[in-house]
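Asks: With this note's numbering applied, the sequence shown corresponds to residues 24 to 104, in that order. All C-beta atoms in this analysis are idealised placements derived from N, C-alpha and C, irrespective of residue type, glycine included. Remember, it's a predicted structure, so these values are computed and weren't measured experimentally.
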Amino acid sequence: MNVSLISIGNSKGIRLSKTVIEKYNIQDTMELILEKDYIILKPKSPARKGWEKAFKKMHEMGDDKSLMSDVFEDEHFEEWK
Numbered sequence: 024m025n026v027s028l029i030s031i032g033n034s035k036g037i038r039l040s041k042t043v044i045e046k047y048n049i050q051d052t053m054e055l056i057l058e059k060d061y062i063i064l065k066p067k068s069p070a071r072k073g074w075e076k077a078f079k080k081m082h083e084m085g086d087d088k089s090l091m092s093d094v095f096e097d098e099h100f101e102e103w104k
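1) Should the segment 68-75 be called in touch with the segment 91-99, which here means at least 3 C-beta pairs below 8 Å?
2) Compute the distance between the beta-carbons of Ile49 and Leu39, then report whether it is under 9 Å.
3) What did DSSP end up calling Lys79 once you bin it into helix, strand or coil?
4) Can you grab the Cα-Cα spacing for the pair Phe78 / Lys46, in whole Å?
5) DSSP state of Lys65, grouped into three classes?
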């Protein structure tokens, strides 16, 4: 897809079509990645997006158990008194 640069004040920018914006769910900000000879625009997704749903699924499957004990067998609590 070819896009033209447009003037925005003293800067230049590009326009994205409504179709592209909706397809990639672009909100207010995008990540700009400069890699070799490429400029990559990547939609920013909210931090921790989908975590709530994933945690609920883990809980339903019983997969949210701690992998480590809170207390280790070789701990000596006397030295902390």
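Replies: Taking the structure as given:
1) no
2) Position 26 of the sequence shown holds residue 49. Position 16 of the sequence shown holds residue 39. Contact: yes.
3) On the sequence shown, residue 79 is found 56 positions in, with the first residue counted as 1. Helix, per DSSP.
4) Here residue 78 is taken as the residue at index 55 of the sequence shown, counted from 1. Here residue 46 is taken as the residue at index 23 of the sequence shown, counted from 1. Between Phe78 and Lys46, the C-alpha separation is close to 27 Å.
5) The residue labelled residue 65 in the question sits at position 42 within the sequence shown. Correct three-state label for Lys65: strand.
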